Amino acid sequence: MSESHRVLTAHWHDPSVIPLAGYEAAGGYRALRASLGMSADELIQVVKDSGLRGRGGAGFPTGMKWSFVPRDSGKPTFVTVNFDESEPGTCNNRELVEREPHALIEGSAIAARAIDCHLAFIYVRGEYLWQGQVLQRALDEAYAAGYLGRGIMGGDYDLDIVLHRGAGAYICGEETALLSSLEGFRGQPRLRPPFPAVEGLYESPTVINNVETLMNVPHIVNNGADWFKSIGTEKAPGTKVFTISGKVERPGNYELPMGTPMRTLLEDHAGGVLGGRALKAWTPGGSSTPFLTADHLDVGLDFESVMEAGSLLGTGAIMVLDETDCMVEAARRLVEFYAHESCGKCTPCREGTWWAARVLGRIESGHGHEDDLPVMADMGEHILFRAFCALADGAVSPIQSTLKHFMDEYEAHIREGRCPVTGRGPGRERGADHPAEDDRAVPDVTFAGAGPFEIQGVPS
Amino acid sequence: MSRPEQLVNLTIDGKQVAVPAGTLLIRAAEQVGVEIPRFCDHPFLEPVGACRQCYVEIEGQRKLFTSCTTTATEGMVVKTQNTSDVAHEAQVANLEFLLLNHPLDCPICDRGGECPLQDQALAFGPGESRYREAKRVYPKPITLSPLVNLDRERCVLCARCTRFCDEISGDRFIEMFARGAAQQVRISAGEDFRSPFSGNTVQICPVGALTSTPYRFVARPFDLSTVDTVCPHCSAGCNMKLDMRAGEVVRQLARDNYDVNDAWLCDKGRSAFRFPDAPDRIATPLIRERGLEPASFGEVLTRVAEWTDGARVAILTGGRLMDEDYYALSKLARTVFRTNDLDHRRAGDTGAAAAERHAAAKPMSLTYDDVETAAAIVVVGLDAEQEVPILHLRLRKAARRGARIWVLHPRRTRLHDVATHVLCAPGDEARLLAGGADDTLDEALAAVREAGAGAVVLAGERPGAADAAKRAADATGARFQYVTRRANDRGALLAGVHPSLLPGGRELDDVDDVEAAWGPLMNREPGRDTMGILRACADREVDVVFLIGVDPLRDVPDAGLVRRALDNVPVKIVQSLELGSLEPFADAFLPASAFLEKDGHVSTWEGRGQRLRAIRGRDGISLADWEIFASMALACGGDLGFETLDQLHDEMGRLMAAREDGRSEPGAGTFPAEVEPGDALALFTYPLLVDEGRLSEGADELKAALGQEPFVELHPSDAAAAGIVDGGRATVRTDAGAADLPARVTEHIAAGAAFVPFNQPGLAANTLFSGRMVTRARITPAESDAAPEGAEAVGAATGGGA
Amino acid sequence: MAIFEGQRLDEARAIMARYPDGRQRSAVMPLLYLAQSVEGSVTRDALREIAELIGVRTAEIEAVATFYTMLRPRPTGTHLIAVCTNLSCALLGGNDLLEAAHEATGIPAGGEISDDGEFSVHEEECLGVCELAPVIQVNVANHDRVTPERVREIVGSLRSGDVPEPARGPAVESFKAASRILAGLEPLAEEGAPA
């Protein structure tokens, strides 16, 4: 198998690139030096020409995003690196930074250069304690070597990069919520327009990019737009570091050209389904993307192909479930995640995820009711695209896709009062109209990490 | 309100409408009579698009749009719930979501019957909920303050309340805590919702989550009769809706008036409505000779005529009568009693002569809207949040629009987060405003000069401030207005209830128009002002003094003098709602009607006349003040010439209209400084918003929420020199008296100055002052309780020190 | 100030200086972590002091503090054991790890802190280590491919004062120490030594 697609992961076997000296020896910071000799327009053009699209889920063309930043606003510009990586199933950013932290610094610095930014922030999720330390150490090395600070590399361009840590909120991966959090407010998304490129951090023009997106930039500067376009598909050039986890033999992060079929990733790289079992369901891009089934194994993993198949590429985080897994439980746990992470600002997400989690919990535990299924379907319709941001849309994915592909499992739960796959549940008398009459028998849903909904707040 | 430059044409539910560019669809719909349901949207708050209730369909767009965040564009075709099934279904679904966790509290919820959630659920929502799970419950209610309660289960998380506190009042006591379904409005434990604007959050809450404590469980909307009126508490002139149940006022709400108070009221306006029914209200005339027993008007007025016949008469009044009352009083004084010894002002000369004349001659020359749209604003000698709260909110609004604001005041005000403060010793305003004395102020003056007519200078009642500010305004071309504090100080001034001004700000020798209406004016000598009248009373140079709607024992900054005056002047006639502290002194009492019982006008600080309407019948046989004056004139052998309000209006309107030729150049001299630097402290005072004033009688919840104990506030350098610590006690000694008070040491007051609030429970500060709202004081650490009788203060005196 | 004095105050100022002039509100989160590193949780004093440092109301700080799960408003054990039960970890036994953690620490389900104050257990959302599931964190340090048996071992180790080496990176001595790192500060020279 050719290794030519190993761009971002080329040095993953070589821990010597983690400290600065090793990174430099492997060719690091060449691209930054080159970019200092280019104009901002040239830089933006080469990234535009490369066709690089955001790797954080939305797939927005990166060069175009940079070009939206006005040069004449009179306000400082900012680059904010989104290292909040919290989409269930997604770990590629983490490993990319663990294994080559300087590559992120270099990519961020080039992005800063492209929009004449002199202060950039890296927003790293709180749970990545060690990865933040790795990054801080690399930043310190970069400052010491003159790759950051006043007059970098002996020129007249100043750049500071500040590490800012999150504190456990998935919503802060949403661009405007991230900015809100970084400004010291609650991490709730903000209205657009104005768009961050015009009015973002501190009411100033801001570019927010994903870690993986930025780590592609030095390679594009070094090797050119055409080289980048020669990998992957026409509409989605380059590689993608896919995470594959769950019921597979060799879970891990694998860099492959965009458009690689799922079957290749699953069987050739991840060793197939764990224990040789039958594949039941998989997400192409994390929990926010609709489940696909064994029928979709030949779908190419790129933005367009996955959308055609009825799902979304998202973060390229593939979670695999097999025949021994209950889809109702999976849906319930994922919807609980969204309910827990909902910021609370808007009605459909806040109330809809609360409701859906409870109904799913009731169905899963064998206390479902016939009406629950049409209600769930209807609920999904009225949450999808009706909320303030896409978190709610993510919550709808597990609901709608499991209803679509696994309706029989739901019906069995309701009919039998127990899970047809795991056997768990109280069971019920055949022909009974209602679930257990005793409401106290219905277990309340407790969200991961949260107790009851009454927050006690800080004691006086 | 805004100045539309460009109109945009769009179609809503098939109806064509043209709106100013930038108009939100939800507002545009209202213009064609379409009400789109909403919770988080409010015309005065920035759109947030949080509740998702206001969805509309826009032709050519795949997704639905929230009409509260979408601006109208040319040619847009919008379909609301009336013509779009998709939009309708989305709204139904959204209401179902909102009602999932909403408790069935309607039977016990104050909002029931006037609840936007009820109304919108009925009009736009599902008939039944499909939710069969347990609802979210919280302990309830939690008390945010003595005025505001919170029932979290009812909250629909529209965040109107927290956004009001963030955007409008700046008092960010309440916030959203937690996230997701646990998100809730909360206050930090141990704190109170201590904002004078907290009641607005109750009014704009679209459900019964925030409720007013004084109104909890009191009435249902269908029990109430509502009348539109104007708030009687300060010169802001906020428009109100008064709710009455069985003849008793149970609630006061803000009434929208985009020219005056937007949609807001301060908490005093909301809660201090019990004074007209105070237990000591008197509704019949009384006469001392009969042991203060009820008498008839005829009897009392006959005596008044006897007392005043050929006598030296003086008249003191306050700031709470109507324009019509003041006009009648001004005419009564001049034409019947032939005196110019009349005054409405609290103290004597405050260095505002030119400012007064300008205000009297040019009502409405500066309005709220002018303040809001100004580019540069200088506020001198005014603590707007405490004195004219809704003006404070308008100033904050100006700041949000980008106005640069400076405040020149002896102590910092609550505009400090949006305005640059220059703290100056009382009386020092003129020197600083002359330029070259303070860099910040010079910057302000330069900005004002540059803004020209886009600059505004506002002056308050701190001694020495107003004319100094007017001089600066005249020199820079800025627009100016004098902001007096009490509800109708402006009306009194306009009517000429003033020793040297006739109606309309005319000098005493500018009589042509006045004599045309009043007949010949015999007395053209300037009369005595308030302090002059009191001194003359004390010296027995006045025979009869009228005390009309005023309690000088509390209101005038020289309690000692007032006492002597009342002791020595032979005849005291009180005309008010009650006798109060004047009971030992009054020789006669004439019962006046309260503002609820009168028709007429009051004037805002702008000089804007606003209509008051009678909400209920007169208490007892009380009469409107102007009616009493008319009867009194007749009893005294004169005739004011009007029997009806309309007749009075006709005459009044001619004389109190704005005039071009009013003389209002400030004199060249500077206001006398009370205190030389280094020689004792300049103790100054003014009433705080919530105090022991008569109109706050019975407003217990308001006082519990926002009242303060008396204190003395001073600068760290002065405190250190005197050995006073923050939180300790200090003795304040002036020529007039002494008081032992808790000390607050803060850098937010000018060095060399000290502040005591005018009228807090336990300290009538007018016992410390000698005729002006500023005096010299020596402040020392309080003597310890254990010190022997007569011992001098232990510890550092001024000048000594730790 | 009780928390932010002496060296802590210097550190707070340094944190605030990371952000542009006039934007010190951005320092709220690291300041909350710093306070948490001193007190073990976010206390009322911390909220008040941070509000004063930044120049806002206490409620504004509390609003932020209560939004995030890693800022803990109630007393937390010396060691925080966080167990992921999101999908990939659940598929590979994450729920069993959670049960084992509760059992080994003696904290009942729904409880927050062990009686002796040594432990807290927290059910977590995706920790971003899905390819090495099921995972836990001890004081925000990663342990990968964990079994219930390993959970019991780890708790046992912690009880005897030994913080086990995580899968990657150095061991983190306590939840307080983790908070300090999250504030962006170097660990203290000696745990518990005065500044």
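From first to last, the protein sequence lines are chains W, V and P.
When the letters of the first sequence are read in order and numbered with this note's numbering, they come out as residues -16 to 443.
When the letters of the second sequence are read in order and numbered with this note's numbering, they come out as residues 23 to 824.
When the letters of the third sequence are read in order and numbered with this note's numbering, they come out as residues -6 to 188.
Each residue gets a CB set at the ideal place from its N, CA and C atoms; glycine is no exception.
Bear in mind the structure is a predicted one, so any value in this text is a computation, not a measurement.
Problem set entry | For V/Ser625, the residue or residues it bridges with in DSSP | V/Gly631
Exercise. What whole-angstrom Cβ distance do V/Arg794 and V/Pro579 have, given they're in contact under 8 Å?
Worked result: 6 Å
Exercise. For the stretch 384 to 418 of chain W, which residues have a CB atom closer than 8 Å to at least one CB atom of chain P, in sequence order?
Worked result: For the stretch 384 to 418 of chain W, the set of positions with a beta-carbon nearer than 8 Å to some beta-carbon of chain P is empty.
For this session: Would you be able to state if there are at least three C-beta pairs under 8 Å between the stretch 29 to 39 of chain W and the stretch 192 to 205 of chain W?
Result: The stretch 192 to 205 of chain W vs the stretch 29 to 39 of chain W: in contact.
Exercise. Do you know whose CA, among W/Asp(-3), W/Pro234, W/His388, lies nearest W/Gly255's CA?
Worked result: W/Pro234
Exercise. Taking C-alpha atoms, which residue in V/Arg84, V/Ile80, V/Leu323 lies nearest to V/Ala94?
Worked result: V/Ile80
Exercise. To the nearest angstrom, how far is it from the Cα of W/Ala313 to the Cα of P/Ser81?
Worked result: 10 Å
Problem set entry | Closer than 8 Å at the beta carbon, the chain P residues around V/Arg182 | Near V/Arg182 there are no residues of chain P at all, since even the closest Cβ is about 16 Å away, more than 8 Å.
Exercise. Which of the three DSSP states, helix, strand or coil, is assigned to P/Cys77?
Worked result: strand
For this session: Could you confirm whether any beta carbon from chain V is found closer than 8 Å to the beta carbon of W/Lys328?
Result: For W/Lys328, the answer is yes, since a Cβ of chain V falls inside 8 Å of its Cβ.
For this session: Going by CA-CA distance only, name the one from P/Arg138, P/Val76, P/Met22, P/Thr59 that's closest to V/Glu197.
Result: A check of alpha carbon separations from V/Glu197 across P/Arg138, P/Val76, P/Met22, P/Thr59 identifies P/Thr59 as the nearest.
Problem set entry | Per DSSP, the bridge partner or partners of V/Ile226 | The partner list for V/Ile226 (beta bridge, DSSP) is empty, contrary to what the question assumes.
For this session: Could you have a look at V/Leu618 and say whether DSSP puts it in helix, strand or coil?
Result: The answer is helix: DSSP assigns V/Leu618 an H, G or I state.
Exercise. Under 8 Å between C-beta atoms, does V/Met266 make it to chain P?
Worked result: no
Exercise. Are the beta-carbon atoms belonging to W/Thr222 and W/Pro240 less than 8 Å from one another?
Worked result: yes
For this session: Would you mind sorting W/Asn199 into buried or exposed? The rule is 16 or more other CB atoms within 10 Å of its CB.
Result: buried
For this session: Can you say whether V/Glu14 is buried or exposed, counting buried as having 16 or more other CB atoms within 10 angstroms of its CB?
Result: Residue 14 of chain V cannot be examined here, being either before or after the span of chain V that is shown, 23 to 824.
For this session: Write down the C-beta distance between V/Cys256 and V/Val99 rounded to the nearest angstrom, noting that I regard them as a contact closer than 8 Å.
Result: Contact doesn't hold; Cβ gap of about 48 Å is too wide.
Problem set entry | Closer than 8 Å to chain W by CB, V/Gln205 | yes
Exercise. For W/Cys309, which residues in chain P fall below 8 Å Cβ to Cβ?
Worked result: Correct list: empty, because the minimum Cβ distance to chain P is about 10 Å.
Exercise. Using a C-beta to C-beta distance shorter than 9 Å, which residues of chain W count as neighbours of P/Met22?
Worked result: Gly109, His147, Arg148, Gly149, Ala150, Ser164, Leu165, Gly167
Exercise. Given 8 Å as the limit, is there contact between the stretch 499 to 509 of chain V and the stretch 394 to 414 of chain V, that is, 3 or more CB pairs closer than that?
Worked result: yes
Exercise. Rounded C-beta distance between P/Ser172 and W/Glu166? I'm assuming under 8 Å.
Worked result: That pair is no contact at about 21 Å.
Exercise. Is it right to say W/Asp421 is buried, meaning 16 or more other beta carbons lie within 10 angstroms of its own, or is it exposed?
Worked result: Bear in mind that a pLDDT of 42 at W/Asp421, under 50, signals an unreliable position, so the number given afterwards is only what the model happens to contain. When all chains shown are included, W/Asp421 counts as exposed.
For this session: Using only alpha-carbon positions, find the residue among P/Glu45, P/Glu111, P/Leu84 that is nearest to P/Gly33.
Result: P/Glu111
Problem set entry | Min CB distance W/Pro240 to chain P below 8 Å | no
Problem set entry | Listed by chain order, chain W residues near P/Gly99 by CB distance under 7 Å | Going along chain W, no residue has its Cβ under 7 Å from P/Gly99, so there is no contact; the nearest lies around 18 Å.
For this session: Check each residue of the stretch 544 to 566 of chain V: if its Cβ is closer than 7 Å to any Cβ of chain P, include it; give the result in chain order.
Result: Hits within the stretch: zero.
Problem set entry | Contact set between W/Ile334 and chain V, taken where Cβ atoms lie within less than 8 Å | Reading off the sequence shown, one finds Glu at residue 334 of chain W, where the question assumed Ile. Ordered by position in chain V, the residues that pass the 8 Å Cβ test against W/Glu334 are Phe119, Leu120, Leu122, Asn123, Ala203.
Exercise. Under a three-way DSSP split, which group does V/Trp286 fall into?
Worked result: coil
Exercise. Per the contact definition of three or more C-beta pairs closer than 8 Å, is the stretch 369 to 376 of chain W in contact with the stretch 326 to 333 of chain W?
Worked result: yes
Problem set entry | Runs of alpha helix (DSSP H) lying entirely within the stretch 133 to 168 of chain P, each at least 4 residues, in chain order | 141 to 152
Exercise. Of all Cβ atoms in chain V, is any one closer than 8 Å to the Cβ of P/Arg37?
Worked result: Interface flag for P/Arg37 against chain V is set, since a Cβ pair is found closer than 8 Å.
For this session: Inspect the beta-carbon positions of V/Pro218 and V/Glu407 and report whether they are closer than 8 Å.
Result: yes
Exercise. In chain V, which residues lie with their C-beta within 8 Å of the C-beta of P/Glu53?
Worked result: Arg194, Glu197
Exercise. Starting from V/Phe199 and walking both ways along the beta strand (DSSP E), at which residues does that stretch end?
Worked result: 196 to 199
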